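S.K.: Let me begin by handing over the structure; questions about it come next.
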């Protein structure tokens with residue numbers, strides 16, 4: 007008879023939960039005397055479901071955190087660069103203070119800088135504009151890490167070599183919606199840990215001769231997907247992960263429950 011193997015689970019964030027009026031009113035009452043806004047509520051609510059489900063490596067934030075990142079950029083009005091780029095990290099630090107009361111050494115998911123969709127009306131030089139944006143992002147992420155955040159997930163629709171070269175590192179992992187072979191290969195040029203949906207497992211197997219793949223994080227994996235991944239990677243190198251779009255309490259419980267098979 008085989009033995010049951012449980013794989014660690016990792017979150018890459020959540021979409022903003024819809025603010026139920028009753029739950030929001032209760033939250034406001036519990037937070038009386040503390041600063042906070044709708045994004046604070048969304049951060050806490052999205053994280054709490056993961057903690058309740060027992061996710062091994064929870065991650066606050068998600069694509070909804072775009073507004074906070076935009077508001078923290080100096081030299082930006084709406085989504086337009088109108089002045090010298092910089093950052094005001096006070097709201098980000100308040101968020102990390104809040105998250106630290108729930109769990110220590112959290113990761114936080116935010117949109118990648120190019121996914122903010124900024125247009126330039128100041129630099130009039132694409133290279134200088136992106137360099138300034140990346141520099142501001144480094145400053146914002148560094149301030150959050152200095153205040154207790156362990157690392158950042160940068161969410162993007164399609165990976166950019168320019169972004170990866172500027173921002174990938176030990177405390178930053180990119181998670182891309184584009185799971186084509188070229189995009190997965192580009193990610194692996196800069197990071198040895200890759201998040202992949204089940205349809206991409208075979209592609210990762212094809213890329214392993216060319217790239218150092220240290221960890222594979224299977225997104226929304228079922229038992230058959232885990233077994234397929236075990237054909238290309240040892241159990242110690244596999245994790246089960248997810249990004250929640252809705253019904254997050256049920257979703258994260260399912261991720262944890264499905265991360266266990268008999269082999």
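Numbering (this note's numbering), first residue to last: 7 to 269. Each residue gets a CB set at the ideal place from its N, CA and C atoms; glycine is no exception. Model, not experiment: these values are computed from the prediction.
In this structure, does DSSP put residue 68 in helix, strand or coil?
M.R.: coil
S.K.: From this set, 189, 209, 196 and 80, which residue's C-alpha is nearest residue 176's C-alpha?
M.R.: 196
S.K.: For the segment 119–137 against the segment 163–182, do three or more pairs of beta-carbon atoms, one drawn from each stretch, fall closer than 8 Å, so that the two count as touching?
M.R.: yes
S.K.: Can you check the segment 235–266 for any beta strand (DSSP E) of at least 3 residues that lies completely inside it and give the ranges in chain order?
M.R.: 244–250
S.K.: Spatial neighbours of residue 184 within its chain, please: C-beta separation below 6 Å, excluding the five flanking residues on both sides.
M.R.: 164
S.K.: In angstroms with no decimal places, state the Cα-to-Cα distance between residue 98 and residue 25.
M.R.: 21 Å
S.K.: Skipping 5 residues on each side, what residues in its chain have a beta carbon closer than 6 Å to that of residue 242?
M.R.: none
S.K.: On the DSSP bridge assignment, give the partners of residue 79 in chain order.
M.R.: 93
S.K.: In whole angstroms, what separates the C-alpha of residue 115 from that of residue 50?
M.R.: Their backbone Cα atoms lie some 13 Å apart in a straight line.
S.K.: Taking the alpha-carbon positions, what's the residue 101 to residue 63 distance?
M.R.: 19 Å
S.K.: May I ask you to report which of helix, strand or coil DSSP gives residue 201?
M.R.: strand
S.K.: Could you pull out every residue in the same chain whose Cβ sits closer than 7 Å to the Cβ of residue 222, ignoring the five residues on either side in sequence?
M.R.: 200, 202, 210, 235, 239, 243 and 244
S.K.: Which term fits residue 207, buried or exposed, when burial requires 16 or more other beta carbons within 10 angstroms of its beta carbon?
M.R.: buried
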